[in-house]
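A.B. asks: Protein chains in written order, with the working numbering: chain A, 1071 to 1221; chain B, 1071 to 1221.
There are 2 protein chains.
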Amino acid sequence: MRMALAQARLAASQGEVPIGAVVVYNGQVVSAAHNQRETWKDPTAHAEIIAISEASRRLGGWRLTECDLYVTLEPCPMCAGAIMLSRIQHLVYGASDAKGGAVESKTELLKSGLWNHQPKITAGILADECGMILKDFFRAIRALETTRRDV
Amino acid sequence: MRMALAQARLAASQGEVPIGAVVVYNGQVVSAAHNQRETWKDPTAHAEIIAISEASRRLGGWRLTECDLYVTLEPCPMCAGAIMLSRIQHLVYGASDAKGGAVESKTELLKSGLWNHQPKITAGILADECGMILKDFFRAIRALETTRRDV
């Protein structure tokens, strides 16, 4: 999760919403990514999607059945869907996302029993730190907008 | 939808599950894609995700607020999530997906009122044709497997 947080910080430094993700296979990191929505001009460029795509290509197959995904924020519906499709065995996330989380907050997509894969889930790892980096980012944006309005 | 079906046929010819998608902006096609999961070795390479990514990059921004998405099969949770994130204004799909559909079949992700964007939805367009191409594809795969077992 420390590596995912480092990815989130990298995102913030590029003006991207600071969320980071890492895929681990047999104790080895196979991909690390951060949100790239603004840079790539792509609504699907969330950290989890990029990390899952890269891990699959590196491991040579789309089934990540022995992989764990670490992500700083609770996944949204798109990313929760990608976690199911990729057969990630263990999802570990940091902060909960009251506005958009699809694991526990707004819906429980991964726990519903409706789909053919449900990963093990561990929530709340370094949650304060993972949440704080997002709060700081949006606070800075609001401050910048206020300054612009006042000029 | 005829163009999405042509994409689905292209997928089948490459050994990919035959699902096609097209994004339309102001009456103009801005992207057309098909499932590439096996070729790209990427579980996120669904037709909708590829079409949305390409349309966003072509149009120069991640908000597809004035775009319509045509897809041959009811979207899965990942793709339904991507449709919400990209602000697609109108989703048009062909066949329903009893096993994995996240619009009407297994869950109603886009109609739940939980998220900040709900597109207009039109279902069942060329549904028989869109469903038949999938049935034919899986029937051919099963026949091939039977032949292999018998050899």
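In this text, a Cβ means the ideal position worked out from N, Cα and C, and glycines have one as well.
For A1121(B) and A1197(B), I'd like the C-alpha separation in whole angstroms.
C.D. replies: Taking the straight line from one Cα to the other gives about 20 Å.
A.B. asks: I'd like the list of long-range same chain contacts for A1103(B), defined as Cβ closer than 6 Å, with 5 residues on each side in sequence excluded.
C.D. replies: Excluding residues within five positions, the ones whose Cβ falls inside 6 Å are A1091, A1117, I1120, A1121.
A.B. asks: Could you name each continuous beta strand (DSSP E) segment of 3 residues or more that falls completely within the region 1075-1163 of chain B, going from the start of the chain to the end?
C.D. replies: Complete beta strand (DSSP E) runs here, min 3: 1090-1095, 1098-1104, 1137-1143.
A.B. asks: Skipping 5 residues on each side, what residues in its chain have a beta carbon closer than 7 Å to that of T1135(A)?
C.D. replies: Excluding positions up to five away in sequence, the list reads R1157, Q1159.
A.B. asks: Tell me whether K1169(A) sits in a helix, a strand or coil according to DSSP, three-state version.
C.D. replies: Three-state DSSP puts K1169(A) in coil, outside helix and strand.
A.B. asks: Cβ of P1088(A) less than 7 Å from any chain C Cβ?
C.D. replies: Of the chains in the structure shown, none is chain C; the protein chains are A and B.
A.B. asks: What residues from chain B crowd round D1112(A), counting only those whose CB sits closer than 7 Å?
C.D. replies: Ordered by position in chain B, the residues that pass the 7 Å Cβ test against D1112(A) are S1123, S1126, R1127, W1132.
A.B. asks: To which residues of the same chain is A1150(B) closer than 7 Å at the C-beta, ignoring the five residues directly before and after it?
C.D. replies: For A1150(B), where only same-chain residues beyond five positions count, the Cβ hits under 7 Å are A1172, V1173, L1179, L1180.
A.B. asks: Please determine, among W1132(A), A1078(A), I1195(A), T1217(A), the residue with the shortest C-alpha to C-alpha distance to K1205(A).
C.D. replies: The shortest C-alpha separation from K1205(A) is found at A1078(A).
A.B. asks: Three-state secondary structure (DSSP) at I1195(A)?
C.D. replies: In this structure, I1195(A) counts as coil in the three-state DSSP scheme.
A.B. asks: For K1190(A), which of helix, strand or coil comes out of DSSP?
C.D. replies: Looking at K1190(A) - three-state DSSP - the assignment turns out to be strand.
A.B. asks: For a test of the three-state rule: what should DSSP assign to M1202(B), helix, strand or coil?
C.D. replies: The answer is helix: DSSP assigns M1202(B) an H, G or I state.
A.B. asks: Relative to the C-alpha of S1126(A), which candidate in R1107(A), A1115(A), S1101(A), Y1140(A) has its C-alpha closest?
C.D. replies: Ranking R1107(A), A1115(A), S1101(A), Y1140(A) by Cα distance to S1126(A) puts S1101(A) first.
A.B. asks: Along chain B, which residues have their Cβ under 7 Å away from the Cβ of L1204(A)?
C.D. replies: None at all; the shortest Cβ gap to chain B is about 17 Å.
A.B. asks: Just to confirm my understanding: we take M1154(A), look at its own chain, exclude 5 residues before and 5 after, and list those with CB closer than 6 Å. What are they?
C.D. replies: Cβ neighbours of M1154(A) beyond the five flanking positions: W1185, H1187.
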